[in-house]
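Here the sequence shown is numbered in the numbering used here, starting from 42 and rising by one per residue. Heads up, the beta-carbon is just placed ideally off N, CA and C, and yes, glycines get one too.
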Amino acid sequence: MRATRRAVLHGVLAGAALMMPLRVQAQSGEASVRRIPSSGEAIPPVGLGTWITFNVGDDAELRAECAAVMRAFFEMGGRMIDSSPMYGSSQAVIGDGLRTLGQPSTLFAADKVWISSGTRGPSQIAESRRLWDVPRFDLLQVHNLLSWEEHLETLFAMKAAGQLRYVGITTSEGRRHDLFEEIMRRQPLDFVQLTYNIVDREAEERILPLAADRGMGVIVNRPFQQGVLLRRLSGRPLPSWAADIGASSWAQFVLKFIISHPAVTVAIPATSQVAHVRENMAAMAGPMPDAAMRRRMADHVRGL
């Protein structure tokens with residue numbers, strides 16, 4: 042997106058008090074955390090996505106690499122891991138990694154229901170939980186709004202029964218934002234998940250302000266446009282003033298832009314490399330850009 046987006050409504054800042062950064066000590070140094078609006082629970086603003094990167098089948102070596110990524114993620118204070126039945130073997134690979142790591146107690150398990158039949162949603166959720174090998178999910182989301190009415194009924198019932206902590210919906214790449222917004226207005230969701238980054242900024246216009254107004258957490262997928270954005274920026278020097286916000290790489294520059302937005306709760310970059318997960322998690326530490334710096338960052342990338 043190369044057109045300049047208008048500033049987020051002033052009401053976002055007034056309505057986002059629960060989502061403003063706190064400071065905690067993590068193994069990587071002082072790091073930001075966010076509050077989940079519906080509960081006040083603290084959570085680190087960088088999570089771990091598993092789309093493509095954890096779809097490695099039964100390859101023992103590749104599964105071990107994914108477990109190493111998860112180990113580094115937890116060591117650096119990470120909590121939210123996000124997956125879906127859509128992601129091939131990713132759920133089973135997560136489960137294998139969690140067993141290898143001794144079932145880390147800090148895990149925030151986020152998955153999705155993705156099936157056209159509403160009546161088959163519960164059995165898919167049960168299978169997902171079996172693959173993860175967790176007693177329950179923290180968050181379940183209706184993936185890409187597929188059969189959303191039936192699945193939300195199931196998820197809200199699970200939450201009421203104590204079988205689930207949070208309920209959400211997802212979209213990506215700007216798809217179906219009108220319907221997404223309509224559901225946000227009508228349903229008591231805890232989370233919404235969508236695409237947002239330093240160039241894909243459509244969500245700033247209505248979705249992010251609405252999430253703040255409705256007290257919904259925001260999970261950001263495709264922060265690097267599935268790697269396309271970082272490949273475009275690679276080879277170009279970081280601006281000297283990136284040091285003012287503690288960004289030493291383009292990945293950190295982009296992540297700091299995302300997680301500094303007052304309506305964003307967690308970004309979930311996906312990676313299969315330990316070095317990259319450490320680089321991503323380090324974006325939580327140090328200064329965060331304010332509104333003026335965010336504008337400067339976006340203008341700089343747009344001009345490259």
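Under 9 Å between the Cβ atoms of Leu271 and Val240? No, the pair does not count as a contact, with Cβ atoms beyond the cut-off.
Between the alpha carbons of Glu320 and Phe114, how many angstroms are there, rounded? Here the alpha carbon of Glu320 sits roughly 10 Å from the alpha carbon of Phe114.
Taking 6 Å as the limit between beta carbons, can you name the residues of its chain near Phe294, skipping five residues before and five after? Closer than 6 Å at Cβ, skipping near neighbours: Ala283 and Ala288.
How many whole angstroms separate the CB atoms of Val179 and Ala198, which I take to be in contact at a CB cut-off of 8 Å? For the sequence presented, residue 179 should be read as Asp rather than Val. The beta-carbon distance between Asp179 and Ala198, rounded to whole angstroms, is 17 Å. This is too long to meet the 8 Å contact definition.
Could you spell out the range, first to last residue, of the beta strand (DSSP E) harbouring Ala244? Per DSSP, Ala244 belongs to no beta strand (DSSP E) and is neither H nor E.
Below 9 Å between beta carbons: does that hold for Met121 and Leu89? Closer than 9 Å, so yes.
Here's the rule I'm using: 16 or more other beta-carbon atoms within 10 Å means buried, otherwise exposed. How should Ala72 be labelled? By the neighbour-count criterion, in which a residue is buried when 16 or more other Cβ atoms sit within 10 angstroms of its Cβ, Ala72 is buried.
Do Cys107 and Gly138 have their C-beta atoms closer together than 9 Å? For the 9 Å CB-CB criterion, Cys107 and Gly138 form a contact.
Going straight from the alpha carbon of Thr160 to that of Glu168, what length do you get? Going by the C-alpha atoms only, they are around 14 Å apart.
Cα separation between Val342 and Val208? If you draw a straight line from the Cα of Val342 to the Cα of Val208, it is about 34 Å long.
Inter-residue Cα distance where the pair is Ser69 and Ser158: Residue confidence is low: Ser69 scores 38 on pLDDT, short of 50, so the model does not pin down where it sits. Its coordinate-derived value is still stated next. Their Cα atoms are separated by approximately 44 Å.
Out of His184, Arg227, Gly215 and Ala308, which one is the CA nearest neighbour of Ser125? When only C-alpha atoms are compared, the closest one is His184.
Can you round the beta-carbon distance between Glu222 and Thr236 to whole angstroms, since I take them to be within the 8 Å contact cut? The C-beta distance from Glu222 to Thr236 rounds to 15 Å, too long to fall under 8 Å, and the pair is not in contact.
With burial defined as no fewer than 16 other Cβ atoms inside 10 Å of the residue's Cβ, what is the status of Ser188: buried or exposed? Ser188 comes out buried.
Alpha carbon to alpha carbon, what distance is there between Gly81 and Ala304? Between Ala304 and Gly81, the C-alpha separation is close to 14 Å.
As a quick exercise: from Asp331, Arg226 and Ala308, pick the residue whose alpha carbon is nearest that of Val259. Ala308 is the residue among Asp331, Arg226 and Ala308 whose C-alpha sits nearest the C-alpha of Val259.
Using 10 angstroms around the beta-carbon of Pro86, count the other beta-carbons present and answer buried if the total reaches 16, otherwise exposed. Answer is buried; the Cβ neighbour count reaches 16.
Within the segment 81-141, ranges of the beta strand (DSSP E) (whole runs, at least 3 residues): Fully enclosed beta strand (DSSP E) runs of 3 or longer: 121-123.
Cutoff 8 Å; reference Ser290; Cβ partners in own chain excluding five residues on either side: Excluding residues within five positions, the ones whose Cβ falls inside 8 Å are Leu279 and Glu320.
Whose C-beta lies closer than 8 Å to the C-beta of Pro163 among residues of the same chain, with five residues either side of it excluded? Taken in chain order, the residues that qualify are Thr195.
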